[in-house]
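Notes follow once the structure below has been shown.
There are 2 protein chains.
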Amino acid sequence: MSQIERVAIVGGNHGNELTGVHLVKKFQQYPNLIHRASFETLALLGNLKAIEEGKRYIDKDLNRCFTNQGLQNPQLSSYEDTRAKAIQQILQPQNQPSVDVIVDLHSTTANMGLSLIFCDMHPFLLRLGAYLSSTNPMVKVFVNQQSREGGFLRSLCELGFVIEVGAVAQNILNAELFQQTEQLIYGILDYFEAYNQGNIPQKSSTLTFYQYIRTIDYPRSDAYGGLRQRGEIKAMIHPHLQFRDYEPLNPGDPMFITFEGKEIFYEGEFTVYPIFINEAAYYEKGIAMHLSQKQQKIV
Amino acid sequence: MSQIERVAIVGGNHGNELTGVHLVKKFQQYPNLIHRASFETLALLGNLKAIEEGKRYIDKDLNRCFTNQGLQNPQLSSYEDTRAKAIQQILQPQNQPSVDVIVDLHSTTANMGLSLIFCDMHPFLLRLGAYLSSTNPMVKVFVNQQSREGGFLRSLCELGFVIEVGAVAQNILNAELFQQTEQLIYGILDYFEAYNQGNIPQKSSTLTFYQYIRTIDYPRSDAYGGLRQRGEIKAMIHPHLQFRDYEPLNPGDPMFITFEGKEIFYEGEFTVYPIFINEAAYYEKGIAMHLSQKQQKIV
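Protein sequences, first through last, are from chains F and S.
Under my numbering, the first residue of the first sequence carries the number 1, and numbering increases by one thereafter.
Under my numbering, the first residue of the second sequence carries the number 300, and numbering increases by one thereafter.
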């Protein structure tokens, strides 16, 4: 792989995830913090209007608007479709080099610590993940292989990835997570700098990562007409599972508890590792959690 | 005081506070749970449209719309003004007796446990608070004396009060808090039943309560034009204070930390007890926390 020349750090892709919003504002105010000798770093706010209004999005999820089809369709004119095109112009300007890396900052109500989310097994990203998780036990690596047609901002470039921090409620700042995320970003930039200098901190090591298997929805009543596309939820995340992201869930362990107090158990055949447990924005997407497999790999 | 004849339990006065919403839906589905022999109990959803959309409110905060002036003004026609009038009609129907008690269910991102919020020192409520907090250490009593013209739902009747539970993010359910709130409601209804039977569990006891002193805002930059009415926040709740609601804050203790990492200390002259620390909905209201005094009273 050639040198890294341009890095973009994006906050507020979702407007109510304040950690990234205020980190990017800090980086815009103090550009020296993200300046490194061998590459250029750009700090960019994502969904400006949603940030102003304290919402995830205005008309539709910006982080599903970066499809080739959508970006090339002049008919699409919602705020987010328009903003996605503007962001693409900044990150991939015509007749100028595109960014090599996108670091997309998110936060979650799930207890994800400092999660790196990769959408493929790019060896450079895996080595970065191995290095960062070896220096900080809060760092976890989640690999969720996704088509570039999912419309995610990170899919605009080969080395695009998400930092997902939590647990933190929407529309609040948690100072500890803010500072930990900030340090993680500096660690990432330092790693890129070392790479460019031919001096990466660790040549080979074992990466523990969590690979996406499937999504579990809440138990729901049948859908009915009207505004709501899904049935009403009939159960909550079980107290034994709440905040236990990245911990093993064994066959027979409780997963949900109904409003009436009836427990619902995990009926799979092998141990899995749930993540994104009880993320607020995923109720509407029909996701109570993702299930993952814990894996190791020499990178 | 005469008998309690009608009790209203309201959930979803704020549409993104799901604990109350789903408790009320449960009570509507299983009315026996809130049925007691000596009085009638009504379970009512507050801001229907905001519940449907997963927002605190649509146009304005419903829980500021219950002023006499607003309720009597036919010109006011926002969704919340209209809904406030409809709720008043249900709770105070013409030519029929009004409800005697309103239990208004809220949740918060602050670590408030199970808080009872009273807007005056009504002896009946203080005795109720003393009883409930003596049987469950998670129950705290916060007295925030407020004019009936604040427009709060609870101010529609003498024995109106709020149950505020947390910490829980907006738009999610925490099963443990859901079940604890449910049990607290049954305890309250049982207390009313015992009162009506002349058989209240405890005749006299000492109540520990927290009395509102004042509000502290985040440190902010100067306000500027545009949509935003307040300046941008310059600091976050200090990690030592985060989730420490109802714990003592002494002169010289850290309160905030700026984005640059500078600590800001409490400069008051005596120990106070902060509550509503880092409530998401209060950023826009200019409230980082309330300060209270811890007091005891024989009731």
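Glycine is no exception: its CB is placed at the ideal position from the N, C-alpha and C atoms.
Give the interface partners of P239(F) over in chain S, defined as CB-CB distance under 7 angstroms, in chain order. Here residue 239(F) refers to the residue found at position 239 when the first sequence is read from its first residue. Correct list: A474, E475.
Local Cβ density within 10 Å of K262(F), reported as buried at 16 or more and exposed below that: Against the first sequence, residue 262(F) aligns to sequence position 262. Looking at its Cβ environment, which holds fewer than 16 other Cβ atoms inside 10 Å, K262(F) is exposed.
How would you label R513(S), buried or exposed, when you count the other beta carbons within 10 angstroms and need 16 or more for buried? In the second sequence, the residue the question calls residue 513(S) occupies position 214. R513(S) should be labelled exposed.
Residues that H22(F) contacts on chain S, provided the C-beta gap is smaller than 7 angstroms: Residue numbering aside, residue 22(F) sits at position 22 when the first sequence is read from its first letter. F558, listed in chain order.
With the cut-off set at 8 angstroms, would you say F441(S) and I416(S) are in Cβ contact? Taking the second sequence and counting its residues from 1, the one referred to as residue 441(S) is at position 142. Taking the second sequence and counting its residues from 1, the one referred to as residue 416(S) is at position 117. Contact annotation: F441(S) and I416(S) have beta-carbon atoms nearer than 8 angstroms.
I'd like to check one pair, Q295(F) with Q211(F): are the Cβ atoms closer than 8 angstroms? Here residue 211(F) corresponds to residue number 211 of the first sequence, with the count starting at 1. Here residue 295(F) corresponds to residue number 295 of the first sequence, with the count starting at 1. In this structure, the beta-carbon distance from Q211(F) to Q295(F) falls below 8 angstroms.
Under the rule that 16 or more other beta-carbon atoms within 10 Å means buried, what is T505(S), buried or exposed? As a working mapping, residue 505(S) is identified with position 206 in the second sequence. The residue in question, T505(S), is exposed, as its Cβ has fewer than 16 Cβ neighbours within 10 Å.
Hey, how far is the Cα of R350(S) from the Cα of E193(F)? Taking the second sequence and counting its residues from 1, one reaches residue 350(S) at position 51. Taking the first sequence and counting its residues from 1, one reaches residue 193(F) at position 193. Here residue 350(S) turns out to be Ile, not Arg, going by the sequence shown. In a straight line, the C-alpha of I350(S) is about 48 angstroms away from that of E193(F).
Tell me, please, which residues DSSP counts as bridged to Q323(F). Here chain F has residues from 1 to 299 only, and residue 323(F) is not among them.
Note down, one range per segment and in chain order, each alpha helix (DSSP H) of at least 4 residues found wholly within the segment 232-259 of chain F. none
Identify the continuous beta strand (DSSP E) that holds R305(S) and give its terminal residues. Here residue 305(S) is taken as the residue at index 6 of the second sequence, counted from 1. Start and end: 305-310.
Any C-beta of chain S under 8 angstroms from that of K26(F): Within the first sequence, the letter at position 26 stands for residue 26(F). Yes, K26(F) counts as interfacial toward chain S.
Counting only beta-carbon separations shorter than 8 angstroms, does N171(F) have a partner in chain S? As a position in the first sequence, residue 171(F) is number 171, starting the count at 1. So, interface residue.
Using only CA atoms, which one of L424(S), G530(S), M411(S), S520(S) lies nearest to M300(S)? Taking the first residue of the second sequence as 1, we reach residue 300(S) at position 1. Cα-wise, what sits closest to M300(S) is L424(S).
Looking only at its own chain, which residues have a Cβ that is under 6 angstroms from the Cβ of L173(F), when we skip the five neighbours before and after it? On the first sequence, residue 173(F) is found 173 positions in, with the first residue counted as 1. L18, listed in sequence order.
Buried/exposed call for A336(S), threshold 16 Cβ in 10 Å: Counting from one through the second sequence, the residue named residue 336(S) turns up at place 37. Around the beta carbon of A336(S), fewer than 16 other beta carbons lie within 10 angstroms, which makes this residue exposed.
Look at L62(F) and A86(F) and say whether their C-beta atoms are less than 8 angstroms apart. Translated into positions along the first sequence, residue 62(F) becomes position 62. Translated into positions along the first sequence, residue 86(F) becomes position 86. Not closer than 8 angstroms, so no.
Check whether the Cβ of M535(S) lies closer than 8 angstroms to any Cβ atom in chain F. Here residue 535(S) corresponds to residue number 236 of the second sequence, with the count starting at 1. Yes, M535(S) counts as interfacial toward chain F.
8 angstroms Cβ cutoff, Y582(S) in contact with chain C: Here the protein chains are F and S, and chain C is not one of them.
For I308(S), I'd like the list of residues in its chain whose CB is within less than 6 angstroms of its CB, leaving aside the five on either flank, ordered along the chain. Locating residue 308(S) in the second sequence gives position 9, where the first residue counts as 1. Within the same chain, I308(S) has close Cβ partners A342, V402.
Let's test the definition: count the other Cβ atoms within 10 Å of the Cβ of G310(S) and tell me whether it reaches 16, buried, or not, exposed. On the second sequence, residue 310(S) is found 11 positions in, with the first residue counted as 1. Its Cβ being crowded by 16 or more others within 10 Å, G310(S) is buried.
Using a beta-carbon distance below 8 angstroms, is A288(F) in contact with chain S? On the first sequence, position 288 is the one that residue 288(F) refers to. Closer than 8 angstroms: no.
Pick out whichever of I532(S), V598(S), M554(S), L548(S) has its Cα sitting closest to the Cα of V571(S). As a position in the second sequence, residue 571(S) is number 272, starting the count at 1. Of the candidates I532(S), V598(S), M554(S), L548(S), the one whose C-alpha sits nearest the C-alpha of V571(S) is L548(S).
Do you know offhand how far G600(S)'s Cα is from F338(S)'s? Outside the displayed range of chain S (300 to 598) lies residue 600(S), so it cannot be described from this structure.
Please list the terminal residues of the continuous beta strand (DSSP E) segment that includes L105(F). Start at 1 with the first residue of the first sequence, and residue 105(F) comes out as number 105. From DSSP, the beta strand (DSSP E) with L105(F) extends over 101-107.
Within its chain, find whatever has a CB closer than 6 angstroms to the CB of E578(S); leave out the 5 residues flanking it on each side and keep chain order. Here residue 578(S) is taken as the residue at index 279 of the second sequence, counted from 1. These residues qualify, in order along the chain: T407, T408, A409.
Under 8 angstroms (Cβ pairs) to chain F, residues found in the segment 482-516 of chain S: none
Who are the near neighbours of L71(F) in its chain, counting only those whose CB is closer than 7 angstroms to its CB and skipping five residues on each side? Here residue 71(F) refers to the residue found at position 71 when the first sequence is read from its first residue. Cβ within range, chain order: A84, K85, Q88.
Just the Cα atoms here: how many angstroms apart are R127(F) and Q96(F)? Here residue 127(F) refers to the residue found at position 127 of the first sequence. Here residue 96(F) refers to the residue found at position 96 of the first sequence. Roughly 28 angstroms separates the two Cα atoms.
Can you have a look at Q328(S) and say buried or exposed, based on whether 16 or more other CB atoms are within 10 angstroms of its CB? The residue labelled residue 328(S) in the question sits at position 29 within the second sequence. Label assigned to Q328(S): exposed.
Going along chain F in order, which residues have a C-beta closer than 8 angstroms to the C-beta of Q528(S)? Here the question's residue 528(S) lines up with position 229 in the second sequence. In chain order: nothing, as chain F lies at least about 12 angstroms away.
Mapping the DSSP letters down to three states, classify K348(S) as helix, strand or coil. Taking the first residue of the second sequence as position 1, residue 348(S) is located at position 49. The answer is helix: DSSP assigns K348(S) an H, G or I state.
Can you list, in chain order, the residues of its chain whose CB lies under 6 angstroms from that of H294(S), leaving out five sequence neighbours each side? As displayed, chain S neither begins before 300 nor continues past 598, which places residue 294(S) out of reach and without an answer.
With a CB to CB cut of under 7 angstroms and the five nearest residues on each side skipped, what residues in its chain are close to L76(F)? Within the first sequence, residue 76(F) is the residue found at index 76, counting from 1. Counting only Cβ-Cβ distances below 7 angstroms, and skipping sequence neighbours, we find G70.
For a test of the three-state rule: what should DSSP assign to S454(S), helix, strand or coil? Translated into the one-based positions of the second sequence, residue 454(S) becomes position 155. Three-state DSSP puts S454(S) in a helix.
Using 8 angstroms as the limit for Cβ to Cβ distance, is T67(F) near chain S? Locating residue 67(F) in the first sequence gives position 67, where the first residue counts as 1. No, T67(F) does not count as interfacial toward chain S.
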